[in-house]
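Quick note: the sequence shown uses my numbering, first residue 13, plus one each step.
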Amino acid sequence: MRTIMLRLATLALLVLGAAPASASAALTVSDVRVGAQPAFVRVVVDFSGGRFDGNEADATDPAVRDGSGRVDIRRAGIVAPARVRSFQGVRARVGLAGANRASVRLTFAKGRFKYVRLSALHDPERLVIDLYRSAPPSTTAAEIRSGVDRCLTLSSISRTGRRFRVRGIERELFEGSFVLRVRDATGRVVGRRIVTARGPWDVRVAYAGIASAQAGTVEAVAASAKDGSLACIVQVRVALVP
């Protein structure tokens, strides 16, 4: 009997010893990177020590037009050594912000960005923070005619005087709700209309306050019901007239 008990104890120790180290490892911020895309500047937070769940991140300051933003990551035991990265005029600072919470603080020129969008990527684990530029799309590549998972699609857009007719398709947005905005060359909103639609939509939006002919943006956007960050966007460059 004693021999059997010893064998069982030895087997239990072997099983415990074979458990992967990652099973008890804390989620750790391993790096922070900043890069540029045609429509936005992207901040990437890399993790090690476990799988990152995108629902653990919240945009606690999604109103980025004022020149700053903040994203909090809530995870029991998270490890976040202080790191700072700067590129393309964006400064990203990561560190602990309390028990079981890390923060990503973003600073940049006031008015440069209009929206912040969060997403998670896996293998390797990453939090992606996209800061969308306020200025009109400078190239075709910066235009977005179909959003993520076709949440919104722009079919056509035409202008008559100071009014745009915009046609598109909605797909599975929360409550089918989004906002049409017209922005001037500086990114200032000069026209706005709230829209609720399911499937195809055909909407007109007017604008005002333009003193001279200039490039602008027509965009359709939906916000996250969770934290007010960007959930979906389509945008095109347009010509505005006084």
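The beta-carbon is built from N, C-alpha and C at its ideal position, and this holds for glycine as well.
Requested in this report: Taking residue 101 and residue 121 to be in contact with their CB atoms under 8 Å, please state how far apart those CB atoms are, rounded to whole angstroms.
Outcome: That pair is a contact at about 6 Å.
Query raised in the report: Taking the Cβ atom as the reference point for each residue, do residue 37 and residue 62 lie within a distance shorter than 8 Å?
Result: Yes, Cβ-Cβ distance for residue 37 and residue 62 is below 8 Å.
Query - Contact under 8 Å by Cβ, residue 11 with residue 116 - result: Residue numbering for the chain in the displayed model covers 13 to 254; residue 11 lies beyond these limits and cannot be assessed.
Query raised in the report: Would residue 107 pass as a contact of residue 77 if the rule is Cβ separation under 8 Å?
Result: The Cβ atoms of residue 107 and residue 77 lie no closer than 8 Å to each other.
**Report entry** N- and C-terminal bounds of the beta strand (DSSP E) containing residue 176
**Finding:** Per DSSP, the unbroken beta strand (DSSP E) holding residue 176 starts and ends at 175-182.
Query raised in the report: Under 8 Å between the Cβ atoms of residue 8 and residue 196?
Result: With the chain running from 13 to 254 in the structure shown, residue 8 is simply not present.
Query - Range covered by the beta strand (DSSP E) that runs through residue 257 - result: This structure does not reach residue 257, given that the chain is present from 13 up to 254, and the question cannot be answered.
Requested in this report: Answer with buried or exposed for residue 142, where buried requires no fewer than 16 other C-beta atoms within 10 angstroms of its C-beta.
Outcome: Burial of residue 142 is indicated by the presence of at least 16 other C-beta atoms within 10 angstroms of its C-beta.
Requested in this report: Decide if residue 73 is buried, meaning its Cβ has at least 16 other Cβ atoms within 10 Å, or exposed.
Outcome: Its Cβ being crowded by 16 or more others within 10 Å, residue 73 is buried.
Query raised in the report: Below 8 Å between beta carbons: does that hold for residue 216 and residue 177?
Result: Contact flag set, yes.
Requested in this report: Return the chain-ordered list of same chain residues with a C-beta closer than 6 Å to the C-beta of residue 118, the five sequence neighbours on each side being excluded.
Outcome: Excluding positions up to five away in sequence, the list reads 81 and 104.
Query raised in the report: In its own chain, which residues sit with a C-beta less than 8 Å from the C-beta of residue 204, not counting the 5 before and 5 after it?
Result: Excluding positions up to five away in sequence, the list reads 191, 192, 193, 194 and 217.
**Report entry** Assigned secondary structure, residue 77 (DSSP; H/G/I helix, E/B strand, else coil)
**Finding:** The answer is helix: DSSP assigns residue 77 an H, G or I state.
Requested in this report: Determine the burial state of residue 206: buried for a count of at least 16 other Cβ atoms within 10 Å of its Cβ, exposed for fewer.
Outcome: Residue 206 is exposed by the Cβ-count criterion.
Report task. Could you please give the first and the last residue of the uninterrupted beta strand (DSSP E) stretch that includes residue 226? Result -> Boundaries of the beta strand (DSSP E) around residue 226: 226-235.
Query - C-beta contact flag for residue 130 and residue 64 at 8 Å - result: No, Cβ-Cβ distance for residue 130 and residue 64 is not below 8 Å.
Requested in this report: Rank 179, 39 and 231 by C-alpha distance to the C-alpha of residue 168 and give the top, closest one.
Outcome: It is 179.
**Report entry** Spatial distance of residue 2 from residue 47 (CA atoms)
**Finding:** In this structure the chain extends from 13 to 254, so residue 2 is not present and cannot be described.
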